[in-house]
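Colleague: Have a look at the structure that comes next, please.
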């Protein structure tokens, strides 16, 4: 296998790795092996992204970067360790944006890889997977009492599986290892993507009598594969192996790439679209048939199909109680959430697949329904382009389209009059652009719900890696300063590798924070971006190397909300008695009382000045009546391409201000029902 880096780049990485983990618990392997592991981790990235990482190492290892940082024209590897630390710290807040990006890229990579080592995670107090051990805290494992049908959690005696035999491959599922030859075939409908939008669409159309073929770029994984091994499953279940980010690396993008899409790896919260958002869609974008009154029964249907039920009060983890208890102290509004689960045992590993088949993702709900209705699913199917096979007459059945894909080493070609693209807000616009069907609003209006974290340090165990990850939310500021654009506060499951990459700093200071792993509570603050509704603040496009370029920048309005959200999250921690609260700015800000909050209010949220991420990647093919400013009609059909539909988060006209899973499922359901009726004449009776 060809080396990713030159010898000089590898040497720079080795020196940087040793610097970044200085003071951290030791691995059994030396720093050179850590550098090799980092290089292996990068193989999950597309070739153009690998090249960018090599360039980052080339830049950081060179004389010019050192000169800009500390005024010495010397290669980085020639510096002594204290001077290397001074240099690396200077890059963190350099006025030269590419140096800040390179600093964060290497820092996050090294920390994520180092803290994936079981010896290292054990040293910070991580107990590891729940399988094979007893629960270590009252907030993980089954609850006491008898099971109740109206609850999503398990109660009573539940045997936790240590080993699970692989499920047989269901009828209708083909994977990259089971496709024996090249295939050309026809279908009524091709659905590209199996997440919240694609799976619902496929199930509705298959049950309406359409011959449906589903294509999923990710692999077919079930409970036997979900071993609760964070690093291995992150590489396997997430887009770009969990390393997807905007071009400047300022925002990490967390998207599932597996059968079931992000529904397989999300944190289960189910929230309805706020009424004022639906009203805005109708008023500003011409969306019809989705008023609050019309959507209420659709939401109820989705909640019933996914077993979305409210978490009982005795099932919250301490991390979630921070929201409920802190909000009560402050007089703020906070609510208990519905989650799409059945017999959840609160293991805290939702982000890497549910080993216990409790999470009612599309893997367990809509996809089995589609297969039972006769649909076929090809996993490991990479779609390269969609071709228009015939000239569309505008009457009768839409003209045939040809979908080109590879499955393993085989080619798969499918002709169908109806194609539904549901690859998510990154892959969907990129596929349309590669197919010559871009332009207009395709790729524009990227919305991310930009999210940051605020850590509270306590004198008691919080163990934010265990329990239901997300069972509460504070929406006190969801309509901030009299507008419909605000922010809300939730909490995440902080597994060690994710925590290490998110935790600011490097070296001994970072290591000291990781030693407080068990006593650290983490709140995340999410902003409804796009308050400046006339501006497209993000864009997805295919770059010259054939890869995907993702650009995003906070507007002044968005920045104000992000800054306010950090302060609010800090206040929640302080209300719970945190002895200190730390931001994830590049140079972290620590506050210990309300009087210290001014520093957070003033701190910069410019690119790579503060860690941002998003698991809510939406809006790049939004519904609307203006082809220049939207990607699809209010029916979800691509402007100018009859029979080509979009059904995923890219379709949402605006950011939501709530987690999007239920919205995407509900919108997909409405549009699939319309499709089924509109094209019913093509069905063979």
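Numbering (the numbering used here), first residue to last: 3 to 687. We put the beta carbon where it would ideally sit given N, CA and C, even for glycine. Since we're looking at a predicted model, the values are computed, not measured.
What ranges does the beta strand (DSSP E) occupy inside the region 575-614, keeping only unbroken runs of at least 3 residues that lie completely in it?
Modeller: List check, beta strand (DSSP E) in window: 582-585.
Colleague: Reducing DSSP to helix, strand and coil, say where residue 202 ends up.
Modeller: Translated into positions along the chain shown, residue 202 becomes position 200. The answer is helix: DSSP assigns residue 202 an H, G or I state.
Colleague: Taking buried to mean at least 16 other C-beta atoms within 10 Å of its own C-beta, is residue 218 buried or exposed?
Modeller: Within the chain shown, numbered from 1, the residue matching residue 218 stands at position 216. Buried.
Colleague: What residue range does the beta strand (DSSP E) around residue 319 cover?
Modeller: Position 317 of the chain shown, counting from 1, holds the residue named residue 319. Premise fails: residue 319 is in no beta strand (DSSP E) and is neither H nor E.
Colleague: Look at the Cβ atom of residue 347, then the Cβ atom of residue 143, and state whether they are nearer than 7 Å.
Modeller: Locating residue 347 in the chain shown gives position 345, where the first residue counts as 1. Locating residue 143 in the chain shown gives position 141, where the first residue counts as 1. Yes, Cβ-Cβ distance for residue 347 and residue 143 is below 7 Å.
Colleague: Can you check the region 608-680 for any beta strand (DSSP E) of at least 3 residues that lies completely inside it and give the ranges in chain order?
Modeller: DSSP runs (the beta strand (DSSP E)) wholly in the region 608-680: 614-616 and 646-648.
Colleague: Would you kindly check if the distance between the Cβ of residue 541 and the Cβ of residue 445 is under 7 Å?
Modeller: Residue numbering aside, residue 445 sits at position 443 when the chain shown is read from its first letter. Residue numbering aside, residue 541 sits at position 539 when the chain shown is read from its first letter. Cβ atoms of residue 445 and residue 541: closer than 7 Å.
Colleague: Count the other CB atoms within 10 Å of the CB of residue 662; is the residue buried (16 or more) or exposed (fewer)?
Modeller: The residue labelled residue 662 in the question sits at position 660 within the chain shown. By the 10 Å Cβ count, residue 662 comes out buried.
Colleague: Using DSSP's beta-bridge definition, name the partner residues of residue 389.
Modeller: On the chain shown, residue 389 is found 387 positions in, with the first residue counted as 1. For residue 389, which the question treats as bridged, DSSP gives the partners 404.
Colleague: Just checking, does the region 230-244 make contact with the region 116-132 on the three C-beta pairs under 8 Å criterion?
Modeller: Yes: the two stretches touch, three or more of their Cβ pairs being nearer than 8 Å.
Colleague: Measuring straight from C-alpha to C-alpha, what distance separates residue 638 and residue 191?
Modeller: In the chain shown, the residue the question calls residue 638 occupies position 636. In the chain shown, the residue the question calls residue 191 occupies position 189. Cα-Cα distance, rounded: 15 Å.
Colleague: Give the secondary structure of residue 38 by DSSP, where H, G and I count as helix, E and B as strand, and everything else as coil.
Modeller: In the chain shown, residue 38 corresponds to position 36, counting from 1. Helix, per DSSP.
Colleague: In the DSSP assignment, what residue or residues form a beta bridge with residue 540?
Modeller: To locate residue 540, count along the chain shown from 1; it is residue 538. Residue 540 pairs with 554.
Colleague: What does DSSP give as the partner residue(s) for residue 220 in the beta ladder?
Modeller: Working through the chain shown from its first residue, we reach residue 220 at position 218. In the DSSP output, where bridge partners are listed per residue, residue 220 has none listed.
Colleague: When we look at the beta-carbon of residue 290 and count the other beta-carbons within 10 Å, is it buried (16 or more) or exposed?
Modeller: Mapped onto the chain shown, residue 290 falls at position 288. Counting Cβ neighbours within 10 Å, residue 290 comes out exposed, since fewer than 16 surround it.
Colleague: Measuring alpha carbon to alpha carbon, tell me which of 654, 203 and 186 ends up nearest residue 193.
Modeller: Residue mapping note: residue 193 aligns to position 191 of the chain shown, counting from 1. Ranking 654, 203 and 186 by Cα distance to residue 193 puts 203 first.
Colleague: Is there contact between the region 149-165 and the region 43-63, where contact requires at least three CB pairs shorter than 8 Å?
Modeller: The region 149-165 is not in contact with the region 43-63.
Colleague: Apart from the five residues on each side of it in sequence, which residues of its chain come closer than 7 Å, Cβ to Cβ, to residue 327?
Modeller: Counting from one through the chain shown, the residue named residue 327 turns up at place 325. Here the set comprises 578.
Colleague: Could I get the ranges of all uninterrupted alpha helix (DSSP H) runs contained in the region 235-300, with 4 residues as the minimum, in chain order?
Modeller: Here the runs fully enclosed are 277-287.
Colleague: Span of the alpha helix (DSSP H) holding residue 90?
Modeller: Numbered from its first residue, the chain shown carries residue 90 at position 88. Start and end: 83-94.
Colleague: Which first and last residues belong to the beta strand (DSSP E) in which residue 492 is found?
Modeller: Looking up residue 492 in the chain shown gives position 490. Looking at the DSSP string, the run of the beta strand (DSSP E) that includes residue 492 is 489-492.
Colleague: DSSP on residue 475, reduced to helix/strand/coil?
Modeller: Within the chain shown, the letter at position 473 stands for residue 475. In the structure shown, residue 475 sits in a strand (DSSP, three-state: E or B).
Colleague: Rank 519, 484, 498 and 432 by C-alpha distance to the C-alpha of residue 544 and give the top, closest one.
Modeller: Sequence index remark: in the chain shown, residue 544 carries index 542 (1-based). For the residues 519, 484, 498 and 432, the minimum Cα distance to residue 544 belongs to 432.
Colleague: Residue 596: buried (16+ other C-beta within 10 angstroms of its C-beta) or exposed?
Modeller: Here residue 596 refers to the residue found at position 594 when the chain shown is read from its first residue. Per the 10 Å Cβ criterion, exposed.
Colleague: Entirely within the region 430-489 and at least 3 residues each: give me those beta strand (DSSP E) ranges in chain order.
Modeller: For the region 430-489, whole beta strand (DSSP E) runs of length 3 or above, ordered along the chain, are 453-459 and 474-476.
Colleague: Among 415, 513 and 533, which residue has its Cα nearest to the Cα of residue 482?
Modeller: As a position in the chain shown, residue 482 is number 480, starting the count at 1. Ranking the options by Cα distance to residue 482, first place goes to 533.
Colleague: Pair every Cβ in the region 483-501 with every Cβ in the region 166-173, then say whether three or more of these pairs are closer than 8 Å.
Modeller: These segments do not touch.
Colleague: Round the Cβ separation of residue 454 and residue 586 to the nearest angstrom and send it over; I've been treating them as touching at under 8 Å.
Modeller: For the purposes of this step, residue 454 is taken as the residue at position 452 of the chain shown. For the purposes of this step, residue 586 is taken as the residue at position 584 of the chain shown. Yes, they are in contact, since the Cβ atoms of residue 454 and residue 586 sit about 6 Å apart, within 8 Å.
Colleague: Should residue 350 be labelled buried (16 or more other beta-carbon atoms within 10 Å of its own) or exposed?
Modeller: By 1-based counting over the chain shown, the position of residue 350 is 348. When all chains shown are included, residue 350 counts as buried.
Colleague: Mind checking which residues open and close the alpha helix (DSSP H) that includes residue 58?
Modeller: In the chain shown, counting from the first residue as 1, residue 58 sits at position 56. Element bounds for residue 58: 49-63.
Colleague: Confirm, please, whether the CB-CB distance from residue 426 to residue 466 is below 7 Å.
Modeller: Here the question's residue 466 lines up with position 464 in the chain shown. Here the question's residue 426 lines up with position 424 in the chain shown. It is not a contact, given that the beta carbons lie outside the stated cut-off.
Colleague: From residue 211 to residue 371, what distance separates their C-alpha atoms?
Modeller: Within the chain shown, numbered from 1, the residue matching residue 211 stands at position 209. Within the chain shown, numbered from 1, the residue matching residue 371 stands at position 369. So the alpha carbons of these two residues sit roughly 13 Å apart.
Colleague: Taking 6 Å as the line, does the beta carbon of residue 384 fall inside it for any heavy atom of the ligand GTP?
Modeller: Ligands in the displayed structure: none, and consequently the ligand GTP is not present.
Colleague: With residue 49 and residue 301 assumed to form a contact (beta carbons below 8 Å), what rounded beta-carbon distance in angstroms separates them?
Modeller: Counting from one through the chain shown, the residue named residue 49 turns up at place 47. Counting from one through the chain shown, the residue named residue 301 turns up at place 299. That belief does not hold up - the Cβ atoms of residue 49 and residue 301 are roughly 42 Å apart, past 8 Å.
Colleague: Alpha carbon to alpha carbon, what distance is there between residue 279 and residue 295?
Modeller: Here residue 295 refers to the residue found at position 293 of the chain shown. Here residue 279 refers to the residue found at position 277 of the chain shown. Going by the C-alpha atoms only, they are around 13 Å apart.
Colleague: Quick one: grab the DSSP three-state call for residue 3.
Modeller: One-based indexing of the chain shown puts residue 3 at position 1. In this prediction, residue 3 scores a pLDDT of 45, lower than 50, which makes its location untrustworthy; no coordinate-derived value is stated.
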